[in-house]
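Worksheet for the structure shown next.
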Amino acid sequence: MNLLDIILLAIALAMDCFAVSIASGVILSKQMSIMSKDGLGIVLRMAFLFGLFQGMMPLIGWLATSHFSEQLEAVDHWIAFALLAFIGGKMIREAFEPEEEKQFNPRRLRIQFILAVATSIDALAIGISFACMGYRSFSKLSVPLVIIGAVSFLFSILGTQLGSRFGKAIARRLRPELLGGIILIVIGIKILISHLLGIG
676 MNLLDIILLA
686 IALAMDCFAV
696 SIASGVILSK
706 QMSIMSKDGL
716 GIVLRMAFLF
726 GLFQGMMPLI
736 GWLATSHFSE
746 QLEAVDHWIA
756 FALLAFIGGK
766 MIREAFEPEE
776 EKQFNPRRLR
786 IQFILAVATS
796 IDALAIGISF
806 ACMGYRSFSK
816 LSVPLVIIGA
826 VSFLFSILGT
836 QLGSRFGKAI
846 ARRLRPELLG
856 GIILIVIGIK
866 ILISHLLGIG
């Protein structure tokens, strides 16, 4: 793969992070200003986790290719779907609860961690394909991994900023948690269908 191919691949992988970050930004806009010190810290931590896991998952897929590739490919899309559907369903349920009873909070490290894992599981297959394309050493693989992680990091920041900027207007028209939950479930369904149909 040449550099342009890797960048395009990284952008494609970052789209789920981007969509989830927009939804998170909408919800965060109700709670705080993301331009505050605390807000920036939360945004950067989320973006770091998204970038880290997007960069790590291809490495895990690459390392596991010789031993576990078939097992990983058989279940990775189900794991991603289950995680995203669980969180999305929780968000949709909480959208109809009184404000003081809501528990979903994209500021929480645990929630950010689950989202980072769920949106990056798709990248496992990329690591397997890297092994098939002749990436035999970690030194050769390191450049694609860094690019994938960096692009996801940047797209996550951009998505959160966009969600926060337009979040207040969105919140006046509908429940942000409802929108976020729907987005997560749609992403999960997309991942599941693309793998089941062999187009992912």
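Take the position in the sequence shown, starting the count at 1, then add 675; the result is the number in my numbering.
We put the beta carbon where it would ideally sit given N, CA and C, even for glycine.
Computed from a prediction, not measured in an experiment: that's the story for all the values here.
Where Asp-680 falls: helix, strand or coil (DSSP): As a first step, residue 680 is located in the sequence shown; it is residue number 5 there, counting from the start. Asp-680 falls in the helix class under three-state DSSP.
Beta-carbon spacing of Leu-688, Ser-831 below 9 Å: Indexing the sequence shown from 1 puts residue 688 at position 13. Indexing the sequence shown from 1 puts residue 831 at position 156. Taking 9 Å as the Cβ cut-off, Leu-688 and Ser-831 do not qualify as a contacting pair.
Alpha helix (DSSP H) runs contained entirely in the segment 789-816, provided each spans 4 or more residues: 798-807
Residue from Gly-736, Val-792, Ile-709 and Leu-829 with nearest C-alpha to Ile-686: Walking along the sequence shown from the start, residue 686 turns up at place 11. Per the Cα distances, Leu-829.
Beta carbon of Gly-700 nearer than 9 Å to that of Thr-794: Here residue 700 corresponds to residue number 25 of the sequence shown, with the count starting at 1. Here residue 794 corresponds to residue number 119 of the sequence shown, with the count starting at 1. Contact flag unset, no.
Rounded Cβ spacing between Trp-737 and Phe-693 (contact assumed at less than 8 Å): Mapped onto the sequence shown, residue 737 falls at position 62. Mapped onto the sequence shown, residue 693 falls at position 18. The Cβ separation is near 24 Å, so there is no contact.
Touching by the beta-carbon criterion (3+ pairs, under 8 Å), the segment 806-822 and the segment 713-723: no
Phe-771 - DSSP class collapsed to helix/strand/coil: Taking the sequence shown and counting its residues from 1, one reaches residue 771 at position 96. Note: Phe-771 maps to coil in three-state DSSP.
Nearest-angstrom Cα separation, counted from Pro-781 out to Gln-706: As a first step, residue 706 must be located in the sequence shown, where it is residue number 31. As a first step, residue 781 must be located in the sequence shown, where it is residue number 106. Roughly 10 Å between the two C-alpha positions.
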